[in-house]
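Take the sequence shown: its letters are residues 33 to 350, numbered as in my numbering. Just so you know, even glycine gets a beta-carbon here, dropped at the ideal spot from N, CA and C. Inspection log for the structure reproduced underneath, given as structure tokens.
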Amino acid sequence: MKAWRVAALGEPRDVMRLEEVADPVPGPGQLLVRVLGAAANFPDVLMCRGLYQVKPPLPFTPGVELCGEVVETGQRVIGSPSGGFGAFAEYALMDAGNAWPVPEGMPDEKAAALYLTYQTGHVGLHRRANLQPGEWLLVHAGAGGVGSAAIQLGKAAGARVIATAGGARKVEVCRELGADHVVDYTAEDFVPVVKEVTGGHGADVVYDPVGGDVFDRSRKCIAFEGRLVVVGFTSGRIPEAPANHVLVKNYSVVGLHWGLYRTKEPSLIASTHQALTELVESGQVDPLVSEVLPLDQAPRALAKLADRSTVGKVVLVP
Ligand SMILES: NC(=O)c1ccc[n+]([C@@H]2O[C@H](COP(=O)([O-])OP(=O)(O)OC[C@H]3O[C@@H](n4cnc5c(N)ncnc54)[C@H](OP(=O)(O)O)[C@@H]3O)[C@@H](O)[C@H]2O)c1
């Protein structure tokens with residue numbers, strides 16, 4: 033089969049090679065799936081650079097989420113490949129206990145984008161941040177993969193959603209996703225806008241995949257008893273919150289490492305998948321897939337993600 037391989041670490045477009053490799057052979061408890069769609073995610077970029085928390089031995093096949101057809105049964109499933117990577121290929125292995133049925137009638141490309149960012153968003157907003165109806169939710173990088181999922185999930189939870197995004201096109205995307213207010217944070221400071229829109233209350237929950245200055249500024253407009261969810265660091269800088277500031281303003285900094293629940297509490301992944309399936313069926317969740325590209329375009333997809341030019345998800349189809 034054809035599979036993308038990374039034999040040395042670096043920028044995806046420099047280090048990814050499309051190779052002919054042996055088809056994977058399922059071991060006990062594993063499924064062989066034909067990949068129908070594999071979504072590109074920022075962690076793929078970080079993994080190629082060797083900067084992700086998961087550091088696969090070289091060479092490895094990137095790709096952390098997929099929609100596939102189980103070769104033995106023909107059932108369509110979504111999830112991560114066994115071991116957490118390996119989706120950018122014609123076939124992949126999945127753990128049978130971690131392959132989730134595609135909601136009825138959902139197209140392959142959309143299903144390929146329903147797993148990682150939506151699971152993260154649902155667990156982050158509900159389990160970690162305890163988001164309540166009517167609360168103010170501030171979603172950073174709202175037009176991105178993680179952000180677009182959080183806007184839809186925030187609205188579905190009955191929150192009032194303020195999104196930030198870089199540039200006019202992304203601002204429009206956030207509006208279309210359902211955000212109530214959107215700030216172009218590359219042109220305007222979001223802090224006074226959040227204060228004004230919330231009538232001085234601030235954001236009850238901040239969902240932050242960007243880190244750096246965006247995290248620092250978020251601490252200036254978080255509400256009393258607010259929850260600042262640490263999702264990622266696409267800005268490239270890991271920020272710090274002074275404990276005295278957390279104390280004086282009475283807010284919480286909440287870590288989110290969704291992948292840990294796969295081993296710590298697998299039943300949460302199952303119940304979250306069920307909740308997401310119902311949200312798809314009721315039309316409240318509809319993953320934004322902005323581009324569907326052939327598998328041989330994988331380095332291009334990751335380069336676009338890295339240079340900030342994607343919205344929603346880009347999905348690769350073998
Ligand atoms: N905690 C978890 O369990 C978990 C799970 C999944 C993903 N994540 C993390 O969530 C983050 C987002 O992942 P994603 O796949 O959804 O990516 P993405 O949001 O689709 O793309 C990254 C976005 O970050 C923003 N950004 C700000 N500064 C940037 C910079 N210097 N370089 C690149 N992008 C920058 C850009 O939006 P603007 O142009 O609008 O600023 C860009 O579109 C990643 O850090 C990922 O590792 C965490």
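Next item on the list: Express the C-alpha separation of G258 and R160 in angstroms, rounding to a whole number.
Entry: Stepping through the sequence shown from its first residue, residue 160 is reached at position 128. Stepping through the sequence shown from its first residue, residue 258 is reached at position 226. Going by the C-alpha atoms only, they are around 12 Å apart.
Check: Looking at V263 and ligand 1, is the gap between the Cβ and the nearest heavy atom below 7 Å?
Finding: Your numbering for residue 263 matches position 231 in the sequence shown. Yes, the Cβ of V263 comes within 7 Å of a heavy atom of ligand 1.
Notebook entry, point to check: Hey, would you say the C-beta of F74 is under 7 Å away from at least one heavy atom of ligand 1?
Noted result: One-based indexing of the sequence shown puts residue 74 at position 42. F74 Cβ: within cutoff of ligand 1.
Check: If we ignore side chains and look at the alpha-carbon of each, how far apart do W351 and G234 end up?
Finding: With the chain represented from 33 up to 350, any question about residue 351 goes unanswered, as that position is not in the structure.
Margin query: By the three-class DSSP mapping on this structure, what secondary structure does I194 have?
Written below: Indexing the sequence shown from 1 puts residue 194 at position 162. I194: strand per DSSP, three-state reduction.
Notebook entry, point to check: What alpha helix (DSSP H) runs, 4 residues minimum, are completely inside the stretch 97-182?
Noted result: Listed in chain order, the complete alpha helix (DSSP H) runs (minimum 4 residues) inside the stretch 97-182 are 140-143, 148-154.
Margin query: Does Q184 pass the burial test, meaning 16 or more other C-beta atoms within 10 Å, or should it be called exposed?
Written below: As a position in the sequence shown, residue 184 is number 152, starting the count at 1. Classification of Q184: buried, given that the 10 Å Cβ count is 16 or more.
Check: DSSP beta-bridge partners for H213?
Finding: In the sequence shown, counting from the first residue as 1, residue 213 sits at position 181. Answer is I194.
Next item on the list: Please classify Q151: is it buried, with 16 or more other beta-carbons within 10 angstroms of its beta-carbon, or exposed?
Entry: Your numbering for residue 151 matches position 119 in the sequence shown. Buried is the call here.
Check: Are D212 and I194 touching if we call contact CB-CB under 8 Å?
Finding: Translated into the one-based positions of the sequence shown, residue 212 becomes position 180. Translated into the one-based positions of the sequence shown, residue 194 becomes position 162. Contact flag set, yes.
Next item on the list: Can you tell me which of the three DSSP states M79 falls into?
Entry: Reading the sequence shown from its first residue, position 47 is the one you call residue 79. DSSP places M79 in helix when its eight states are reduced to three.
Next item on the list: In the DSSP assignment, find the unbroken alpha helix (DSSP H) run with V286 in it and report its ends.
Entry: Along the sequence shown, one-based indexing puts residue 286 at 254. It is not in any alpha helix (DSSP H) - V286 instead sits in the beta strand (DSSP E) that spans 284-287.
Note to self: Using a Cβ-based criterion (distance less than 7 Å to any ligand heavy atom), does K252 qualify as near ligand 1?
What the structure shows: As a position in the sequence shown, residue 252 is number 220, starting the count at 1. Between ligand 1 and the CB of K252, the shortest heavy atom gap is not smaller than 7 Å.
Next item on the list: Give me the Cα-Cα distance between A200 and K227, rounded to the nearest whole angstrom.
Entry: Position 168 of the sequence shown, counted from the start, is the residue given in the question as residue 200. Position 195 of the sequence shown, counted from the start, is the residue given in the question as residue 227. Rounded to the nearest angstrom, the two C-alpha atoms are 22 Å apart.
Note to self: Nearer than 7 Å: is that true of the beta carbon of A173 relative to any heavy atom of ligand 1?
What the structure shows: Your numbering for residue 173 matches position 141 in the sequence shown. Under cutoff, so the answer is yes.
Margin query: So G129 and G61 are supposed to be a Cβ contact under 8 Å. How far apart are they, rounded?
Written below: Taking the first residue of the sequence shown as position 1, residue 129 is located at position 97. Taking the first residue of the sequence shown as position 1, residue 61 is located at position 29. Contact flag correct, Cβ pair sits at about 7 Å.
Item checked: Unbroken beta strand (DSSP E) run spanning I254, endpoints -> Here residue 254 refers to the residue found at position 222 when the sequence shown is read from its first residue. Where I254 is concerned, the enclosing beta strand (DSSP E) stretches over 254-262.
Check: Mind checking H154: buried by the 16 CB within 10 Å criterion, or exposed?
Finding: As a working mapping, residue 154 is identified with position 122 in the sequence shown. By the 10 Å Cβ count, H154 comes out buried.
Next item on the list: May I ask whether a heavy atom of ligand 1 can be found less than 7 Å away from the beta carbon of L288?
Entry: By 1-based counting over the sequence shown, the position of residue 288 is 256. Yes; taking the cut-off as 7 Å, the Cβ of L288 has a heavy atom of ligand 1 nearer than that.
Notebook entry, point to check: Can you give the Cα-Cα distance for R249 and V223, rounded to whole angstroms?
Noted result: By 1-based counting over the sequence shown, the position of residue 249 is 217. By 1-based counting over the sequence shown, the position of residue 223 is 191. Cα to Cα, the separation comes out at about 7 Å.
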